[in-house]
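Asker:
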Amino acid sequence: MKKKECFVNRELSWLSFNARVLQEADDPDVPLLERLRFLGIFSNNLDEFYRVRVATHQRMVEAGIKSKKIGNPKKVLQQIQRRVVRLREHFDKVFTEVLDALKKENIYILNERQLDKKQMEAVLGYFQEKVRPRLVPIMLSTQPGFPYLKNQVIYLAVHMSHSRDPEKEGYALIEVPSGLLQRFIPLPSSGLKKCIIMLDDVIRIGLGDIFAILDYDRFAAYTIKMTRDAEFDISEDITKSFYEKIAKSIKQREKGNIVRFVYDREMPDPLLKFILKRIKMTSMENLISGGRYHNARDFIGFPDMGLKHLTYKPLPPLLHSAIKPRKSIFDSIRQKDILLCYPYQSYSHVIDFLREAAIDPRVKSIKITLYRVAKNSSVINALINARRNGKDVMAVFELQARFDEEANIHWASELANEGAHILDGVPGLKVHAKLCQVTRLENGREKLYSYISTGNFNEATARVYSDHGLFTAHPQINNEVNKVFSFLENNYKTANYKHLLVSPFYMRNRIKKLIKNEIKNAQKGEKSGITLKLNNLVDSAMIRLLYSASQAGVPVKLLIRGICSLIPGVPGMSENIEAYAIVDKYLEHSRILSFYAGGQNLIYLSSADWMIRNLDNRIEVATPVYDPDIKEELHTYLHFQFLDNQKTRLLNDQEANYYKQDTKEAPHRAQVEYYNYLAARTEER
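In the UniProt record's numbering, the protein residues as written are 1 to 685.
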């Protein structure tokens, strides 16, 4: 294999991940409404991919930049375009099949031409009462210029004509207010039938009413959507605060360059050309024909219709047996470290940890890093309560958390108004570590308690993202967590870490040392092994080191949910590496690093993926797990993951996403079996 073929292009690998999401939508064994939601997830993922990654390559093309790491950006864009066209075709096929399957379950998504008299009356009433007051139709002139199109918003491009005068025609534009009104509107139904109409079609029904004063009697509406570059530049104006600069940049983002224009393929060619000319879109590579409906991401919120058999069986979050009702959580942590795994176990334990700290008279301070929080955040509410109870609160907000910048500015301001000490991170480094530390007075001395996680302090995503969090009173770990917060507060104070792996200073080199130790042991004929669970594996230096480990005889097992630039199973390069990906009900988000280490079985929980940005340009933290019971718990978790033969795909250079299936083995689905395992253990205790 040639040197340049040692890695899978990260953009194409990401598209391969999204293809795995689409596979779930295409799987007849997945409950029907879950299939519809996977279509929504696929669409949402693709939108973000265009806003971030495609936009980056387009900027490189415009600037004439080429990179050895990513190759020719123009060529990459062409490869992306070809792959996306195939994915869109697959999406349309699956969408049609899902709609047909819904009909067999007596669920009908009707358009404006399929309504009976009673349904039409209901829709007209809904249109007049709810929809029309929120519409702002814009007449499109033949003169140059065009109204500004918002990012990721659906519009109806309306073609108006008159039956008696075919040459008399006009164009108009209507924004579909799906951010203000529900996209899926229930209709009056009879018997077992359940009918829904989409907001887009409600507006189509009202077109004659909207344009009644004009001399037209025929109307046709075609959906369009624009995706804009999500990157923004931060002003260097020294008279402005960082908060003001970010707020200004967010507004600029909404006017970013066009990276994708999606349109209804049934749109008449003159109307399409009219729009493209007015928005000054010249690159046809950014033009994508689609179906009648866009923003399929809204299907994530499709109603369950009260039909339980069409969704996955709910797995109610379990309470951890070590955390007792009416007993201080600090007493439980002091006795023994506690590992939580979401969403199998309840995130309420983290909220309760903060709430108890907020009212405990012995608690002096709370320190926390915040990257993405829930819309109505119980975490923020607990911190506000802590301030009102006289606790010192220090919150490190990452104001450049993509797409959450505005929310973070809002919450930072709310906490600042309560007197909390707000930090906006480290210049040039995003703070992605997931840390919380409480200082408590016990027996006249300060005692530290920490919570270290692989996922955000976000109770909403904790219901769908699979993550791990560790509560610990371990003195050395807590002292080093305190050092991290000290650095965040005083950036000139760097520290040494013997226990935590902290980027950008020590994590890369410490991990390299762990891998090289496995290589050395393998070369001596001793037992060795590396197991990694990550979201993304892209960093070429780390991949080359894993190749070296394979060549030395170290067995390497990988679970990579998203991008995997490593190519496993290549003779002479990576024959001792196995790589898998799981896509199921919950999004796999934990990062776990495991090394045999001569029988020590070192294991870490980490906030960092293996990408240059995480290892070199962010504040990330991986904590060692020292408690033997928790080590065993994590190895059991990984065992269930590797045992899976229902939702696991094989990763290789073909990127075909073949399922890992062994007809000789009983079926194993990791997420369900691990939940059942935890539930049985909870009952035992």
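Glycine included, C-beta positions come from ideal geometry on N, C-alpha and C.
If I measure Cβ to Cβ from L318 and keep anything under 7 Å in the same chain, skipping five residues before and after, which residues do I get?
Answerer: On the sequence shown, residue 318 is found 318 positions in, with the first residue counted as 1. Cβ within range, chain order: Y344, Q345, S346, L678, A679 and T682.
Asker: From this set, R204, M160, N151 and E89, which residue's C-alpha is nearest residue 700's C-alpha?
Answerer: Here the chain has residues from 1 to 685 only, and residue 700 is not among them.
Asker: Assuming contact is defined by CB atoms lying nearer than 9 Å, are I452 and K430 in contact in what I supplied?
Answerer: Residue numbering aside, residue 452 sits at position 452 when the sequence shown is read from its first letter. Residue numbering aside, residue 430 sits at position 430 when the sequence shown is read from its first letter. No. Outside cutoff.
Asker: For Y465, which three-state DSSP category applies?
Answerer: Mapped onto the sequence shown, residue 465 falls at position 465. Three-state result, Y465: strand.
Asker: Is it the case that the Cβ atoms of L340 and H468 are separated by a distance below 9 Å?
Answerer: Along the sequence shown, read from residue 1 onward, the residue named residue 340 stands at position 340. Along the sequence shown, read from residue 1 onward, the residue named residue 468 stands at position 468. Yes, Cβ-Cβ distance for L340 and H468 is below 9 Å.
Asker: Which same chain residues, not among the five before or five after S466, have their C-beta less than 8 Å away from its C-beta?
Answerer: Numbered from 1 along the sequence shown, position 466 holds the residue referred to as residue 466. If we look at S466 and ignore the five residues flanking it on each side, its Cβ neighbours are C341, Y342, P343, Y344, Y586, L587, E588, H589, S590 and Q671.
Asker: In three-state terms, what does DSSP make of D662?
Answerer: Counting from one through the sequence shown, the residue named residue 662 turns up at place 662. Coil at D662, not helix or strand.
Asker: Could you check what DSSP says for A581 in three-state terms: helix, strand or coil?
Answerer: Your numbering for residue 581 matches position 581 in the sequence shown. Three-state result, A581: strand.
Asker: Of the choices W411, D662, I80 and S332, whose alpha-carbon is the least far from that of N376?
Answerer: By one-based count along the sequence shown, residue 376 stands at place 376. Residue W411 is the option with its Cα nearest to N376.
Asker: Tell me which residue opens and which closes the alpha helix (DSSP H) that D616 is part of.
Answerer: Position 616 of the sequence shown, counted from the first residue, corresponds to residue 616. Taken as a continuous stretch (DSSP letters only), the alpha helix (DSSP H) holding D616 covers I612 to D616.
Asker: Helix, strand or coil: how does DSSP classify G598 here?
Answerer: Working through the sequence shown from its first residue, we reach residue 598 at position 598. Looking at G598 - three-state DSSP - the assignment turns out to be helix.
Asker: What does DSSP give as the partner residue(s) for E446 in the beta ladder?
Answerer: To locate residue 446, count along the sequence shown from 1; it is residue 446. Looking at the DSSP assignment, E446 forms a beta bridge with L441.
Asker: Relative to the alpha-carbon of H320, which residue among S348, D304, D29 and I300 has its alpha-carbon at the smallest distance?
Answerer: For the purposes of this step, residue 320 is identified with residue 320 of the sequence shown, where counting begins at 1. Minimum Cα distance to H320 is reached at S348.
Asker: Compare the beta carbon distance of residue 688 and I300 with 9 Å and say whether it is the shorter of the two.
Answerer: Within the shown structure, residues of the chain are numbered from 1 to 685, placing residue 688 beyond reach of any answer.
Asker: What residues in its chain sit with their C-beta under 8 Å from that of R669, if we drop five residues either side in the sequence?
Answerer: Reading the sequence shown from its first residue, position 669 is the one you call residue 669. Once the five neighbours on either side are set aside, the close Cβ partners of R669 are D584, D644, Q646 and K647.
Asker: Are the region 285-293 and the region 323-330 in contact at 8 Å, needing three or more beta carbon pairs?
Answerer: Cβ pair count under 8 Å is below three, so no.
Asker: Run through the region 344-413 for me and flag every whole alpha helix (DSSP H) of 4 or more residues, listed as ranges in chain order.
Answerer: Qualifying alpha helix (DSSP H) stretches, in chain order: 348-359 and 378-388.
Asker: Report the start-end ranges of each beta strand (DSSP E) in the region 98-142 that is 3 residues or longer and not cut off at the edges.
Answerer: List check, beta strand (DSSP E) in window: 107-110 and 138-140.
Asker: Along the chain, where does the beta strand (DSSP E) containing A172 start, and where does it finish?
Answerer: The count along the sequence shown starts at 1 and reaches residue 172 at position 172. Per DSSP, A172 belongs to the beta strand (DSSP E) from D165 to E175.
Asker: Whole angstroms are fine: how far does the CA of F642 sit from the CA of Q661?
Answerer: In the sequence shown, the residue the question calls residue 661 occupies position 661. In the sequence shown, the residue the question calls residue 642 occupies position 642. Cα-Cα distance, rounded: 12 Å.
Asker: Just grab the DSSP bridge partners of K225 for me.
Answerer: If you number the sequence shown from 1, residue 225 lands on position 225. Paired residues: I154 and V262.
Asker: Spatial neighbours of K493 within its chain, please: CB distance less than 7 Å, with the 5 preceding and 5 following residues excluded, ordered by chain position.
Answerer: Along the sequence shown, one-based indexing puts residue 493 at 493. S486 and F487.
Asker: For chain C, is any of its Cβ atoms less than 9 Å away from the one on Q335?
Answerer: The structure shown contains no chain C; it is built from a single protein chain.
Asker: Express the C-alpha separation of L514 and Q476 in angstroms, rounding to a whole number.
Answerer: As a first step, residue 476 must be located in the sequence shown, where it is residue number 476. As a first step, residue 514 must be located in the sequence shown, where it is residue number 514. Computed Cα separation, rounded: 20 Å.
Asker: In this structure, does DSSP put A212 in helix, strand or coil?
Answerer: For the purposes of this step, residue 212 is taken as the residue at position 212 of the sequence shown. Coil, per DSSP.
Asker: Just checking, does the region 603-610 make contact with the region 524-544 on the three C-beta pairs under 8 Å criterion?
Answerer: Contact between the region 603-610 and the region 524-544 is present, because at least three Cβ pairs lie under 8 Å.
Asker: Kindly list the residues whose CB is nearer than 7 Å to the CB of F242, restricted to its own chain and excluding five residues on each side of it in sequence; keep chain order.
Answerer: Counting from one through the sequence shown, the residue named residue 242 turns up at place 242. Here the model assigns F242 a pLDDT of 45, short of 50, so the residue's position is not dependable, and the following value carries that caveat. Cβ within range, chain order: L399 and D424.
Asker: Since M507 is in the beta strand (DSSP E), which residue starts that stretch and which ends it?
Answerer: In the sequence shown, residue 507 corresponds to position 507, counting from 1. Where M507 is concerned, there is no enclosing beta strand (DSSP E), although the alpha helix (DSSP H) it sits in stretches over M507 to Q523.
Asker: If you follow the alpha helix (DSSP H) that L310 is in, where does it begin and where does it stop?
Answerer: Working through the sequence shown from its first residue, we reach residue 310 at position 310. Unbroken run through L310: none, as it is neither H nor E.
Asker: With DSSP as the reference, identify every bridge partner of L566, one or two as the case may be.
Answerer: Translated into positions along the sequence shown, residue 566 becomes position 566. Answer by DSSP bridge pairing, in chain order: F7.
Asker: Under the three-state reduction of DSSP, which class applies to E620: helix, strand or coil?
Answerer: Position 620 of the sequence shown, counting from 1, holds the residue named residue 620. Strand at E620.
Asker: Do L593 and S574 have their beta-carbon atoms positioned less than 9 Å apart in this structure?
Answerer: Stepping through the sequence shown from its first residue, residue 574 is reached at position 574. Stepping through the sequence shown from its first residue, residue 593 is reached at position 593. Cβ atoms of S574 and L593: not closer than 9 Å.
Asker: Just to confirm, is the Cβ distance from L140 to A101 under 9 Å?
Answerer: What you label residue 140 is simply residue 140 of the sequence shown in a count that begins at 1. What you label residue 101 is simply residue 101 of the sequence shown in a count that begins at 1. Their beta carbons are not under 9 Å apart, which means L140 does not touch A101 by this criterion.
Asker: Going by the CB atoms, is the gap between I368 and E418 shorter than 9 Å?
Answerer: What you label residue 418 is simply residue 418 of the sequence shown in a count that begins at 1. What you label residue 368 is simply residue 368 of the sequence shown in a count that begins at 1. No. Outside cutoff.
Asker: Quick check on the burial criterion: 16 or more other C-beta atoms within 10 angstroms. Buried or exposed for M284?
Answerer: Stepping through the sequence shown from its first residue, residue 284 is reached at position 284. That one is exposed.
Asker: Is it buried or exposed for S378, if we count other Cβ within 10 angstroms and need 16 for buried?
Answerer: If you number the sequence shown from 1, residue 378 lands on position 378. With 16 or more other Cβ atoms within 10 Å, it is buried.
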